[in-house]
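Letter by letter, the sequence shown follows residues 538 to 983 of the numbering used here.
First the structure, in the form of structure tokens, and then the observations on it.
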Amino acid sequence: MKLAVGRKAKYVGQYRVTDSDSLEAAMEAAGRIRLTIEAKLSPGPPMLNLRRHGVIGHWHGLVDNVASGNFLGAKRRGVVHGVDYGFTGEVKKIDVARIKERLDSDSIVVVSNMGYSSSGEVLNCNTYEVATACALAIEADKLICVVDGQIFDENGRVIHFMSLEEADMLIRKRAKQSDIAANYVKVVDEEDHEPSLNGKGHLNGYAASFQNGLGFNNGNGICSGEQGFAIGGEERLSRSNGYLSELAAAAYVCHGGVQRVHIIDGTVDGSLLLELFTRDGAGTMIARDVYEGTRMATEEDLPGIRKLIYPLEESGVLVRRTDKELLEALYSFYVVERDGSVIACAALFPFPEDKSGEVAAIAVSEECRGRDYIEKEALSLGLGKLFLLTTRTADWFVRRGFSECSIESIPEQRRKRINLSRGSKYYIKQLQPKHAGVPVNNFAGR
């Protein structure tokens, strides 16, 4: 709205400086958006459906399922380091009881970023501070952030999933070049040393309270330690660090107890439905629970492994294994599991005396490639090189750092069991210790 009237918004740090004109524009924008949302959520079912089900004897107009109100208590940010933030507010109180009462009655609660002070003022609060504070206060299962692009790795592929640990590591690596990342590290590390109540900062039925972004006693003897996490300012607007700001907010609420955060591209039609109702989604999910992980295979994984490798066996890419042979080798297999489904597998057979390991039966979907699961496991076992036998996939392994070698490079114990009639080629790769983590370069939307 400020840009619309020819004035550039002023930011200091993560917060906007709000003068009287800015407040009027923010109020108008928030009101217009709230009314639009309520209108979109209000239509009743089509009359054709009502006639089909024989319920036309009642009035079926607007659906009474949208609730809004003064759920957000705020206080002026005031003067910080000599900067008067005017009508900019900070989250002071989330009325959890009233919000949950409306949610329990099957209403959709709409909360804007406009907060209300105890003196009757309307204050312009940071949107992400409000969203993260609300998510923590009501103990939400999910937080969904809509942005204007996607998050890509250094190879230009969409990052569909990050564990909380991976996200936390990436943010910490960026802390020296990003004020928002540095603030995340400071706040999270401080909270890790503060006592909590049953792992939560509040109890149901109480209003979660905040003061200058820090929890304080709400007068009932219950410490409400949840706080919102503000992101914004020139760093976020310029996208100099991609979507690191949103990632920091996501990791922050995951630390606080929210199980999953979805960052989706709002410019793509249907992205919300694709993200929530397909296995791999359309955006990036950060999760504190076990959504995706690599682990050793168990007998319960046999059907999933068989399903992955069967097409490759049929085409001759992999050596055909009987169920008995697969079972005997099972504990050398590693699987990647996503949301309860096995999506990749590979076997690693160590030869400790040669400090080497054989890689076999690799079946990896495209989105799982390039993460070095097996190499990391081999390094953890003290192995210095990997080798493999292949007939049809040499190029694929060469692109991943393997080079052709002679049969003499294969451990003697393994050479004795090679089926020479297959005419396999031999490839080897020397392993280099790497720092664990996810790529940090080019972490931005296109």
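Think of the CB as a built atom: it goes at the ideal place given N, C-alpha and C, for glycine as much as any other residue.
Candidates the options: which alpha carbon is nearest residue i's?
i           : options            : result
residue 562 : 855, 624, 831, 614 : 624
residue 626 : 644, 605, 659, 618 : 659
residue 876 : 923, 699, 804, 603 : 699
residue 993 : 663, 576, 685      : Residue 993 falls outside the range modelled here, since the chain spans only 538 to 983, and no answer is possible.
residue 788 : 922, 825, 817      : 825
residue 864 : 853, 850, 856, 843 : 843
residue 605 : 817, 639, 765      : 639
residue 673 : 702, 628, 653, 642 : 628
residue 646 : 671, 654, 663, 665 : 671
residue 852 : 930, 720, 795, 786 : 930
residue 631 : 641, 675, 613      : 675
residue 895 : 622, 548, 914, 881 : 914
residue 849 : 901, 636, 690, 567 : 901
residue 689 : 607, 681, 801      : 801
residue 703 : 956, 784, 939, 881 : 784
residue 816 : 772, 880, 778      : 880
residue 948 : 567, 712, 889, 728 : 889
Look at the Cβ atom of residue i, then the Cβ atom of residue j, and state whether they are nearer than 9 Å.
i           : j           : result
residue 494 : residue 934 : Since the first and last residues shown for the chain are 538 and 983, residue 494 lies out of range.
residue 887 : residue 867 : no
residue 781 : residue 715 : yes
residue 878 : residue 841 : yes
residue 873 : residue 910 : yes
residue 695 : residue 667 : no
residue 770 : residue 615 : no
residue 707 : residue 651 : no
residue 846 : residue 832 : no
residue 964 : residue 927 : yes
residue 678 : residue 797 : yes
residue 799 : residue 813 : yes
residue 602 : residue 768 : no
residue 552 : residue 607 : no
What did DSSP end up calling residue i once you bin it into helix, strand or coil?
i           : result
residue 868 : helix
residue 947 : coil
residue 579 : coil
residue 697 : coil
residue 618 : coil
residue 893 : strand
residue 545 : coil
residue 648 : coil
residue 722 : helix
residue 623 : strand
residue 566 : helix
residue 900 : strand
residue 553 : strand
residue 681 : strand
residue 604 : strand
residue 613 : strand
residue 629 : strand
residue 737 : Unreliable positioning characterises residue 737 in this predicted model, as indicated by a pLDDT of 43, which lies under 50. The coordinate reading is nonetheless provided below. Three-state DSSP puts residue 737 in a strand.
Between which two residues does the alpha helix (DSSP H) harbouring residue i extend?
i           : result
residue 634 : 633 to 641
residue 668 : 664 to 674
residue 608 : Per DSSP, residue 608 belongs to no alpha helix (DSSP H) and is neither H nor E.
residue 790 : 781 to 793
residue 813 : 808 to 814
residue 770 : 770 to 775
Over the uninterrupted beta strand (DSSP E) stretch that includes residue i, give me the two end residues.
i           : result
residue 685 : That residue, residue 685, is in no beta strand (DSSP E); it is neither H nor E in DSSP.
residue 962 : 962 to 967
residue 802 : 797 to 802
At what residue ranges does the region 906 to 946 contain a whole run of the alpha helix (DSSP H), taking only runs of 4 or more?
DSSP runs (the alpha helix (DSSP H)) wholly in the region 906 to 946: 910 to 917, 931 to 935.
What are the uninterrupted segments assigned as beta strand (DSSP E) that are 3 or more residues long and contained completely in the region 820 to 887, given in chain order?
Qualifying beta strand (DSSP E) stretches, in chain order: 821 to 824, 829 to 833, 870 to 875.
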